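So for the sequence shown, our numbering puts the first residue at 6; every next one is plus one. Here is the structure we will look at, set down as C-alpha cells.
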Amino acid sequence: MFIAPTKWLLFQDQKTIIGNDDNVNLTFTYDDSVLEIFEDLAIYPDSDVILARRFDDDFLELLSIYRPSPQRGVIWENRGNWTIKNGLRMSTFDVASARRKNLQQTALKSCLVMTDPNTINHLTDFKDKPIDPVTKANYPWILHLVNRMNATISFEVTNSWGYRAKNGSWSGMIGMLERREIDIGGTATFLVPERIGVVQYIQLYTHTSSRFVFRRPLLSTVSNIFILPFQQNVWIAIAVFLILVFCLLYLSIKWEYFTRDRLTKSAAYWNQLNPNKPTVSDNFLILLGAFSQQGYSYEPYRVSSRIVTLMLLLASLSLYAAYTANIVGLLQSTTDSIKTVPDLLNSPLKLGVQDVVYNRYYFKSFQDPVKKTILEQRIEPKGSKSNWMSIEEGIRRVRNELFAFHGEIGTAYQLMQDTYLEEEKCGLTEIDFLNVLYPLLVIQEQSPYSEIIKTGALILREYGLKYHEEYRLYTRKPVCLSQTSFITIGFTECYFALVTMGYGIFLSVIVFAFELLWHKR
C-alpha cells in the first residue's frame, strides 16, 4: 500500500472545544489517536507519506512518517510548513535515502554462495583465493553497506546461486530472495532475463567473468605455412613467370639440339654431356632444380639459353631469399584467427570447462546450434570422458597442450601468473561464451531499502572500498615481457613437406610398376 513509488498526502484539521461558561472559549487541539494508526502499518524507508496538520487558518505543518523496519516504531520527520503568504518552506531537501539511512540496528539477513564449505573460514584472510573469489570479494562490501545503514546482519550459506525449476520455483539464493527469507544477496550473480522481475539488481558489480582462455596456437597448426610467405597475386605472378621461362627454355634447348652440328670444335665437351634429345620432363627438372636452389645437370651453351637460365637463377635467388626469411618468421608466429565461438568450434584446440554449478546450468541451457554443438561434441562427447574439470587442471592443460579452458578469468590469470614462464604468458586470448554482464549484487524485488543500498553502493565505488577487495583477490591479464623462446620443429610444421614427399613416393612406385609391366610385355 505504501510501497514506492506511490505517494500519500494526508490532512489533519484542528479539533475545536467550546467552553461551558457564558464567555465563549474556543480551544483548538489535535486528535493524537491518528498517530497510533501508523504503528502497525508497513511504512518503511521507501515510503512517501506526508501528514499535513493545520494550526491556523493558513498554516500547515508537514510531517513525514516511516518505520525503519517491522521491529522498530514510527519516526516523525519535520519536513517544513506551508502558508498562503510564504508558500512551501522545506526544512531540508535531502532525499529519503539520505535522511533514513539510520535503521537503528535493524536485523537484516543475507546469503553467501559457497562451492567449497571451507570458504566460510577464509572470507577475510585472502587464503585459497582461487576458491569462491566472488563471495570473498562481496562479503566485505555487504559489511560496509550494513555498517553505513546502522544495521546488523546474519548470513546463511548455500551452494547455488539459484535457478528456475520446471514448476516455476527458484532454488538457491535467488529463491530465498523471492520468498523474502533474506534481504540482500551476499554473492553477486549474473544479470539474465529470467531473473528480472524476481530480484532487483544493484549497480555494484564484481569485475570478473567466465570466458574461454587459451594461448594463441602456432600458425602452423591452423594453416599451411608453406603458402603464406607470398600473397595470392604474387603466387600467380610466379606461376606466370615460370610458365614463360619454361617455354623460353624449351625453345632455346630445342634450338641448341637441332643446331648442334653447327657448333665449333670447342663445343665437343658440351656435346658429350648432352647426347640425347631434350624432352619436356628435362625442361621441367631444370626449372624445378633452379627454382628450389637444388641445382640441375643441364649446362647451356648458346647465348640465348644462357640468358634464359641466368634470368631464371636471378629471379629464383630473390624469391628464395624472401621465401625462406618469411618461413622462419612464420614458424614462430601465432594465429589470431580464433576470435569467435564458431572459430573455436572449428579450431584444433581441445576444450574444457570449470566444473561449477553456473557453468553446467548455462552451458546446458543454450539453444544456439553452435554452442550446443560445442557442448555435445567437445565438452560432453558421447562415449568419451567429459571435459568438466577443476580450474587447476584446466590451466595446466592450457600451458602444455593446444587447449582452451572456460573458467573464471581472475582466478585463471592468478594461476598463470604463479605457474607460467614469462614467454608462456604471451599470446593469451579470451572468447566470451556466456555473453553476460559482470555479476551484480541483488536484493529483494521492491525492497524497502533499495535506494539506501543503491546509494551505499555508489559510495563504495567513490571511496575505493570496492576496488580494494578486487585488487587483492583478482589478477589482471599477465603482461607479456618476453616473446622470444626456443621453438622445436615437429611433424605439424613439416606436414605439407612430408605429404608432398609421400605423394611423390606413391606416384613413383606406380610409374615404376607400369614401367616393369611395359618392358615385360
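For glycine and all other residues, C-beta sits at the position ideal for the given N, C-alpha and C. Values in this document were obtained by computation on a predicted structure and should not be read as measured data.
| query | result |
| --- | --- |
| Looking at the structure shown, is Asp-61 part of a helix, part of a strand, or coil, going by DSSP? | strand |
| Measure the CB-CB distance between Ile-243 and Leu-324 and report whether it falls below 8 Å. | yes |
| Rounded to whole angstroms, what's the CA-CA distance from Arg-570 to Ser-452? Just pull it up for me. | With the chain running from 6 to 526 in the structure shown, residue 570 is simply not present. |
| Over what stretch of residues does the alpha helix (DSSP H) that includes Thr-416 continue unbroken? | 414 to 424 |
| Give me whichever residues DSSP pairs with Glu-82 in a beta bridge. | Ser-69 |
| Can you look up Val-346 in the DSSP assignment and give me helix, strand or coil? | helix |
| Rounding to the nearest angstrom, what Cα-Cα distance links Thr-424 and Ala-417 in this structure? | 11 Å |
| From which residue to which residue does the beta strand (DSSP E) around Ser-215 run? | 215 to 220 |
| Looking at the unbroken beta strand (DSSP E) that takes in Gly-357, where does it start and where does it end? | 355 to 359 |
| Could you tell me whether the segment 202 to 217 touches the segment 403 to 418, where touching means 3 or more Cβ pairs closer than 8 Å? | yes |
| Between the alpha carbons of Thr-194 and Leu-446, how many angstroms are there, rounded? | 6 Å |
| Taking just the CA atoms, how far does Leu-46 sit from Asp-3? | Residue 3 is absent from the model: the chain starts at 6 and stops at 526. |
| Verify whether the separation of the beta carbon atoms of Leu-108 and Met-154 is less than 8 Å. | yes |
| By how many angstroms is the C-alpha of Leu-503 removed from the C-alpha of Gln-237? | 23 Å |
| Does DSSP classify Gly-190 as helix, strand or coil? | strand |
| Could you tell me which of Ile-379, Leu-407, Ser-309 sits nearest to Thr-339, measuring between CA atoms? | Leu-407 |
| Is DSSP giving Trp-166 helix, strand or coil here? | coil |
| Taking Ile-396 and Leu-420 to be in contact with their CB atoms under 8 Å, please state how far apart those CB atoms are, rounded to whole angstroms. | 7 Å |
| For a test of the three-state rule: what should DSSP assign to Leu-128, helix, strand or coil? | coil |
| Quick check: the segment 166 to 182 against the segment 146 to 153, are at least 3 beta-carbon pairs closer than 8 Å? | no |
| Quick check on the DSSP output: the alpha helix (DSSP H) that includes Tyr-476 runs from which residue to which? | 470 to 478 |
| For a test of your reading of the model: does the CB of Leu-113 fall under 7 Å from any non-hydrogen atom of the ligand MN? Yes or no. | Of the ligands one can find in the structure shown there are none, so the ligand MN has no counterpart to examine. |
| In this structure, how does DSSP classify Gly-177 when only helix, strand and coil are distinguished? | helix |
| So what does DSSP say about Glu-427, is it helix, strand or coil? | helix |
| Can you have a look at Asp-61 and say buried or exposed, based on whether 16 or more other CB atoms are within 10 angstroms of its CB? | exposed |
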